[in-house]
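Single-structure report; data block below.
Residue numbers (my numbering): 17 to 252.
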């Protein structure tokens with residue numbers, strides 16, 4: 017029996033930096049983290065506060081700086097805004113978008129969310145802003161954010177939401193990493209937070225290699241193996 021068959025694979029010379037989206041924190045990456053680590057990657061997780069886009073980009077830049085190797089920068093949902101802005105970092109080799117916003121210069125999460133939905137699609141059931149922050153309606157969170165994950169988990173996530181600051185929602189990107197770095201885009205066909213049609217449009221204009229998967233918005237929770245394999249495909 018070889019050493020690689022009984023334990024972790026040989027260490028890769030690429031680091032993976034995982035950037036979560038709005039309303040959640042980095043713990044949602046755990047299953048994907050474990051799989052990537054097993055395959056020999058250094059994996060780092062950003063805990064971005066989601067108060068301002070500037071602050072989230074700064075948190076991501078700090079983690080990129082700590083990586084040992086060139087970085088595959090991964091963003092889920094609002095995390096796509098963050099990795100787009102941070103993606104021009106010379107240490108970043110490629111970008112991976114998961115159920116994410118992929119803005120162009122001057123666009124914000126708010127402006128992208130305003131794109132019209134197509135028939136049969138649904139947008140995030142957001143409550144009215146309160147004290148400068150947004151939340152998803154807790155009663156609708158389980159079916160909108162993660163309909164294919166265990167109800168006990170999604171009900172907890174609904175009441176443990178991290179408020180999303182309007183300064184992050186409305187901030188316009190000034191740098192666009194996908195214009196200078198190779199990109200890949202995983203689109204969940206059953207996404208009820210960011211419409212699949214808008215994701216397809218963003219992916220097309222970015223020139224990203226696109227894959228689709230039958231999943232809810234929280235694709236890393238319900239399909240961690242497929243997500244890990246998709247992220248590894250960006251390391252080429």
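Heads up, the beta-carbon is just placed ideally off N, CA and C, and yes, glycines get one too. All figures in this text were calculated on a predicted structure; none of them were measured in a lab.
Within-7 Å CB hit, residue i to chain D
i	result
residue 67	Of the protein chains in this structure there is only one, and it is not chain D.
Residues near residue i in its chain [Cβ-Cβ closer than 7 Å; skip 5 each side]
i	result
residue 164	231, 232, 238
residue 27	56
residue 72	64, 65, 66, 98, 184
residue 40	173, 178
residue 141	152, 153, 156, 160
residue 29	85
Assigned exposure category for residue i - 16 Cβ within 10 Å defines buried
i	result
residue 241	exposed
residue 25	exposed
residue 134	exposed
residue 166	exposed
residue 31	buried
residue 197	buried
residue 46	exposed
residue 190	exposed
residue 175	exposed
residue 168	exposed
residue 158	buried
Residue i - DSSP class collapsed to helix/strand/coil
i	result
residue 180	strand
residue 186	coil
residue 107	coil
residue 18	Residue placement at residue 18 cannot be trusted, given a pLDDT of 34 that sits under 50; the coordinates are not used to answer.
residue 157	helix
residue 231	coil
residue 221	helix
residue 250	coil
residue 62	strand
residue 83	coil
residue 238	helix
residue 165	coil
residue 91	strand
residue 192	coil
residue 212	helix
residue 72	helix
residue 201	strand
residue 116	coil
Same chain, Cβ closer than 8 Å to residue i, neighbours up to 5 away in sequence not counted
i	result
residue 77	102, 105
residue 145	182
Contact under 7 Å by Cβ, residue i with residue j
i	j	result
residue 130	residue 97	no
residue 122	residue 35	no
residue 108	residue 90	no
residue 63	residue 42	yes
residue 199	residue 128	no
residue 120	residue 192	yes
residue 59	residue 52	yes
residue 48	residue 244	yes
residue 180	residue 150	yes
residue 138	residue 216	no
Same chain only: Cβ atoms within 6 Å of residue i, ignoring 5 sequence neighbours per side
i	result
residue 162	170, 232, 234, 237
residue 8	Nothing about residue 8 can be read from this structure; the chain reaches only from 17 to 252.
residue 2	Because the chain is modelled from 17 through 252, residue 2 falls outside the range shown and cannot be assessed.
residue 61	34, 42, 45
residue 224	199, 200, 201
Along the chain, which unbroken stretches of the alpha helix (DSSP H) at least 4 residues long are found entirely within the region 26-54?
-> Taken in chain order, the complete alpha helix (DSSP H) segments of 4 residues or longer contained in the region 26-54 are 46-54.
Return the chain-ordered ranges of every alpha helix (DSSP H) run that is complete within the region 122-146 and spans a minimum of 4 residues.
-> Complete alpha helix (DSSP H) runs here, min 4: 125-129.
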